[in-house]
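Here's the structure, in structure tokens; my notes come after.
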Amino acid sequence: MAHTLVDSFIQYFEQFSQDKLQHMDDLFSENFIFVDPVQQISGLAPYQRYLASLYENTKSCVFTVQQCDVADSSAWIVWKMDCVHARLNRGRAFQLEGVTHLKFDHRITYQRDYYDLGAMVYENIPFLRRVIFWLKNRMMQS
Numbered sequence: 058m059a060h061t062l063v064d065s066f067i068q069y070f071e072q073f074s075q076d077k078l079q080h081m082d083d084l085f086s087e088n089f090i091f092v093d094p095v096q097q098i099s100g101l102a103p104y105q106r107y108l109a110s111l112y113e114n115t116k117s118c119v120f121t122v123q124q125c126d127v128a129d130s131s132a133w134i135v136w137k138m139d140c141v142h143a144r145l146n147r148g149r150a151f152q153l154e155g156v157t158h159l160k161f162d163h164r165i166t167y168q169r170d171y172y173d174l175g176a177m178v179y180e181n182i183p184f185l186r187r188v189i190f191w192l193k194n195r196m197m198q199s
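Sequential numbering of the sequence shown, starting at 58, is according to our numbering.
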């Protein structure tokens, strides 16, 4: 059962579209908790609204799973995201790597995404990108 649920989760996000937001009930518990570097969300409906808001300015977003380890009631998924977002990186494609930790019973009850928020947001905003690269270079020289 664990592998089937995790496989369904992976397939869901590898083929994600806004149309699929309404079809999350089979995968996620109603009391689902989501955590990422930006915020923590309790409940499936707020999570659906969060995903919808993320995809408003997204031109394309493709997740590729690179590794998956499943235990009895949890899984770790290593992924790469290729994304084009109107407000990031001047609307050009960028990549982000991350890891998702899932906990589940009959449905997913907890999802925590680990990724570098700076690489996703700050380094894709022109002015901040220059400042961050300058800081990184200074730190390497020390």
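Idealized CB from N, CA, C, for every residue including glycine.
Predicted model only: the values in this text are computed from it and were never measured.
Cα-Cα separation, residue i to residue j
i: Y104; j: F184; result: 31 Å
i: M138; j: D83; result: 24 Å
i: Y112; j: Q75; result: 7 Å
i: E71; j: T61; result: 15 Å
i: W136; j: F190; result: 25 Å
i: F85; j: Q123; result: 22 Å
i: D204; j: Y171; result: In the structure displayed, the chain extends from 58 to 199; residue 204 sits before or after that span and is not available.
i: R186; j: V63; result: 36 Å
i: V188; j: R164; result: 43 Å
i: S117; j: N194; result: 32 Å
i: Q97; j: E87; result: 15 Å
Selection from the options that minimises the alpha carbon distance to residue i
i: F66; options: T121, L111, R147; result: T121
i: G148; options: C140, G155, E154; result: C140
8 Å CB neighbourhood of residue i in its chain, flanking five on each side removed
i: A128; result: A59
i: L78; result: Q105, L108, A109
i: S130; result: A59, K160, F161, D162
Cut-off 6 Å between Cβ atoms - residues of its own chain near residue i, not counting five sequence neighbours on either side
i: H158; result: W133, R169
i: I90; result: S99, Y167
Nearest-angstrom Cβ-Cβ length linking residue i and residue j, presumed shorter than 8 Å
i: A143; j: N114; result: 4 Å
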